[in-house]
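Data block below; observations after.
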Amino acid sequence: MNICLIGMGYSNPDIDNFDYSLGLAYIQAYLQQKFRDEIKVTNLYFHSDQLGTYKKLTLLHEILKTEPDIAAFSCHCWNMETLLSITGLLKDIRPGITIIVGGPDPTFSALQLMERYPAIDIIVKGEGEEVFTKIIDRFLNHRDHSDIPGIVFRKNGSLCDNESINIVEDLDRIPSPHLTGIIDLGKESIRRHVSIETYRGCPFSCSYCNYNRGSRHVRYFSLDRIEKELSYLLSSGVENLFVMDPTFNHDISRCTTILNYLKKYNRSTLVHIEARGELFTGEMIDLMVEAGITLVELGIQTISESNAAQMNRQHNIAKIERNIALLNKKNIHVVLHVMGGLPDESIEDLTGTIEWCVLQRPATIVVFPTGAFPGTVLKQKQERFGLVCDPEPFYYVLKSSTLSVHDIWLINETGKVLNLSYAHGYGTFFYALKIRCGCNVMDFIKLFIEKFHTEDWRDDLYRFLEKTLDMFLNCYKVDSKNERDLLFNVLRYIHVRSLLNESVRSCDLPESLKDMELSFSDKARLVQFPFNVRQFIDDLRNGGAVDADDYRGALNLVLYRTGSKITQWKVSDRLYAMFSLLSRQMTIDHIRYFYDSPDLDDFLKSCVQQGIVECSSGRA
Numbered sequence: 006m007n008i009c010l011i012g013m014g015y016s017n018p019d020i021d022n023f024d025y026s027l028g029l030a031y032i033q034a035y036l037q038q039k040f041r042d043e044i045k046v047t048n049l050y051f052h053s054d055q056l057g058t059y060k061k062l063t064l065l066h067e068i069l070k071t072e073p074d075i076a077a078f079s080c081h082c083w084n085m086e087t088l089l090s091i092t093g094l095l096k097d098i099r100p101g102i103t104i105i106v107g108g109p110d111p112t113f114s115a116l117q118l119m120e121r122y123p124a125i126d127i128i129v130k131g132e133g134e135e136v137f138t139k140i141i142d143r144f145l146n147h148r149d150h151s152d153i154p155g156i157v158f159r160k161n162g163s164l165c166d167n168e169s170i171n172i173v174e175d176l177d178r179i180p181s182p183h184l185t186g187i188i189d190l191g192k193e194s195i196r197r198h199v200s201i202e203t204y205r206g207c208p209f210s211c212s213y214c215n216y217n218r219g220s221r222h223v224r225y226f227s228l229d230r231i232e233k234e235l236s237y238l239l240s241s242g243v244e245n246l247f248v249m250d251p252t253f254n255h256d257i258s259r260c261t262t263i264l265n266y267l268k269k270y271n272r273s274t275l276v277h278i279e280a281r282g283e284l285f286t287g288e289m290i291d292l293m294v295e296a297g298i299t300l301v302e303l304g305i306q307t308i309s310e311s312n313a314a315q316m317n318r319q320h321n322i323a324k325i326e327r328n329i330a331l332l333n334k335k336n337i338h339v340v341l342h343v344m345g346g347l348p349d350e351s352i353e354d355l356t357g358t359i360e361w362c363v364l365q366r367p368a369t370i371v372v373f374p375t376g377a378f379p380g381t382v383l384k385q386k387q388e389r390f391g392l393v394c395d396p397e398p399f400y401y402v403l404k405s406s407t408l409s410v411h412d413i414w415l416i417n418e419t420g421k422v423l424n425l426s427y428a429h430g431y432g433t434f435f436y437a438l439k440i441r442c443g444c445n446v447m448d449f450i451k452l453f454i455e456k457f458h459t460e461d462w463r464d465d466l467y468r469f470l471e472k473t474l475d476m477f478l479n480c481y482k483v484d485s486k487n488e489r490d491l492l493f494n495v496l497r498y499i500h501v502r503s504l505l506n507e508s509v510r511s512c513d514l515p516e517s518l519k520d521m522e523l524s525f526s527d528k529a530r531l532v533q534f535p536f537n538v539r540q541f542i543d544d545l546r547n548g549g550a551v552d553a554d555d556y557r558g559a560l561n562l563v564l565y566r567t568g569s570k571i572t573q574w575k576v577s578d579r580l581y582a583m584f585s586l587l588s589r590q591m592t593i594d595h596i597r598y599f600y601d602s603p604d605l606d607d608f609l610k611s612c613v614q615q616g617i618v619e620c621s622s623g624r625a
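Structure, rendered in structure tokens:
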């Protein structure tokens, strides 16, 4: 019997870098342990952006090459429509094939999917390893499968639902796809991004999440097995290891044990986790550094206590804030997740959450519209909450009692702008806007959308951000391209480095700094100046207090040239004025004025008149 397992990742390779599905690898390992030579299993994994123009044709071609008797699809909100759209065609081309579907979305919308896609024969609800193996056993022995718990199937033209949701109680019964070689670490593309689970289930019950539905009961892989897997993976040249647990640190004792395993075996692998920000301790964070944890994803969703309570989400924002500061100090990159469009949430609530996130100095902020997923309390109560939701994946909220369609659209665009901005190295600039200028980031983004948002908005965004940076430089006649490039890099340096998953070390400097030292070696060497550039960059990275005098010293280091006609004090005056602009209240109206004013001198004079800029020499 030929069995083809089919999965598909996100279309965006920046979000999903994996070359395999861990869930399907578990199923394959379980099947091969049970049936060995009785079956042949092929595990296919696609990214939709890699399928080309004729996506359906490519999918059909790859699946049919395996000559499958059974095709089994792992469906999530991001791939379900694409995968299920070919089920009818697959059956037309290969009439005898049996089509089986599983995954979180089919689990909670099984009957609707069976009605919509008549080519589907069976839907497996919940965790698939044991129940899928039972189905294959019945097929091999030509026995009826209708009494298997946790499946929906067709019988005599009717749909039958065996109602229960499958969970695997003893996770160690599932063979490790890593240790059995199902996941081939001999392939460089696989070694780059490897995933692992240490438990299943969730101890929390957030209303917007279906992960805990039917599986709130937490079950663990044994610590002995986890140690063996980590020892093997970390000695095999894995570059990035993603721990897929929804809350890695929910059990402090177990978390500490696993961190010690990582500390013991990890030499160079970058480890990524998802966690609850309020559950960290100082000791745990210290151990995370030793274990090689480089990135932590925190689901903040909202800082509004009332909005959070509405979703049965409780967290201690003050404690999260303290722990993020500790993570930043240890150069562990923090990714903050925010949901826009929660019940009773206003634009002001969302703005408050985003502004708070910016102040935490994360590596990235991810903002996305709320989705009313099948099986969630949010979906069940959507009318009570006054939500209008898209019935198709991703089931986004399109309107609520407090947010219009335009508001939701703005939330979506804000998320895209923030994601691209941080990814391109502008996180530090957003922080400067907030701290030095007093500008709300949401207002800044709205300004971009109003003035520059076109079909080519990605390029427009980068031009907008660069132009805004240039505003501060042009106002003070910083004309040299080398100087401008250097200043630009100082502002963006940390976030660019974070993209490379590298910590800031005392010996690291932007390339432009190195270039400046070489190109001006006859006139000025950076090391001749008392100001510590490296410390300045570290202070920016760690969110430390950096005042106008510090900025003056840093930029004086850059602009001052020994032997030039411009004396150090004249340069200092000009630089002090420049960073007074940043250190005093600069509102979004001032930035608007800049974009609307053709004369930069007029803009600068306006700043002086309004007391935004101070200059001891009287020159600006």
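Just so we're aligned, residue 6 is where the sequence shown starts under our numbering, counting upward by one. Every residue gets a Cβ at the ideal spot worked out from N, C-alpha and C, and that includes glycine.
Check, Outcome
"C-beta contact flag for T138 and K39 at 7 Å", "yes"
"Candidates F144, T358 and R224: closest to E310 by CA position", "T358"
"Residues of its chain near L190, where Cβ-Cβ distance is below 8 Å and the 5 sequence neighbours each way are ignored", "H183, R196, V199, L238, S241, G242 and V243"
"Spatial neighbours of G287 in its chain, beta-carbon cut-off 8 Å, leaving aside the 5 residues before and after", "L331"
"Assigned exposure category for H5 - 16 Cβ within 10 Å defines buried", "No statement about residue 5 is possible, as the shown extent of the chain runs from 6 to 625 and does not include it."
"Where L36 falls, given that 16 or more other Cβ within 10 Å makes a residue buried", "buried"
"Separation of E120 from I188, as counted between CA atoms", "35 Å"
"Straight-line gap, E360 to L341 (C-alpha atoms, nearest Å)", "12 Å"
"Alpha helix (DSSP H) runs wholly inside the segment 346 to 432, at least 4 long, in chain order", "352 to 364, 382 to 385 and 410 to 428"
"Sufficient close CB pairs (3 or more, under 8 Å) joining the segment 455 to 475 to the segment 401 to 412", "no"
"Minimum C-alpha distance to I593 - residue among N445, Y467, Q117 and D464", "N445"
"Contact the segment 420 to 427 vs the segment 364 to 378: 3+ CB pairs below 8 Å", "yes"
"Coarse secondary structure for A124, derived from DSSP in three states", "coil"
"Unbroken stretches of the beta strand (DSSP E), 3 residues or longer, contained in the segment 148 to 192", "156 to 160 and 163 to 166"
"Inter-residue spacing [alpha-carbon to alpha-carbon] between C214 and K233", "31 Å"
"Start and end residues, beta strand (DSSP E) containing Y50", "K45 to H52"
"Cβ contact (3+ pairs, closer than 8 Å) linking the segment 147 to 154 and the segment 55 to 65", "no"
"CB of T299 within 7 Å of CB of L275, strictly", "yes"
"Nearest-angstrom beta carbon gap, I104 and L95 [assumed within contact, 8 Å]", "7 Å"
"C260: first and last residue of the uninterrupted alpha helix (DSSP H) it sits in", "I257 to Y270"
"Cβ separation of T381 and S212, assumed to be a contact under 8 Å, to the nearest whole Å", "6 Å"
"Beta-bridge partners of R224, as assigned by DSSP", "R205"
"Cβ pair D354, N321 closer than 7 Å", "no"
"Where the alpha helix (DSSP H) containing T87 begins and where it ends", "M85 to L89"
"Where K324 sits in the DSSP three-state scheme", "helix"
"Beta-bridge partners of E279, as assigned by DSSP", "E302"
"Residue range of the alpha helix (DSSP H) that includes F137", "E134 to L145"
"Cutoff 6 Å; reference C165; Cβ partners in own chain excluding five residues on either side", "F158"
"Three-state class that DSSP yields for T71 in the structure shown", "coil"
"Residue(s) in a DSSP beta bridge with C9", "T47 and A76"
"Own chain, CB closer than 8 Å to T47, minus 5 neighbours either side, in chain order", "N7, I8, C9, L10, T71 and P73"
"Bounding residues of the alpha helix (DSSP H) (the contiguous stretch that carries L290)", "In the sequence as presented, Leu is not what sits at residue 290; that position holds Ile. Residues G287 to A296."
"Span of the beta strand (DSSP E), counted from its first residue to its last, around N245", "N245 to V248"
"DSSP beta-bridge partners of M344", "F373"
"C-alpha distance - K269 paired with S426, whole-angstrom precision", "37 Å"
"Nearest neighbour of E388, chosen from K334, S405, L264 and F378 [CA to CA]", "S405"
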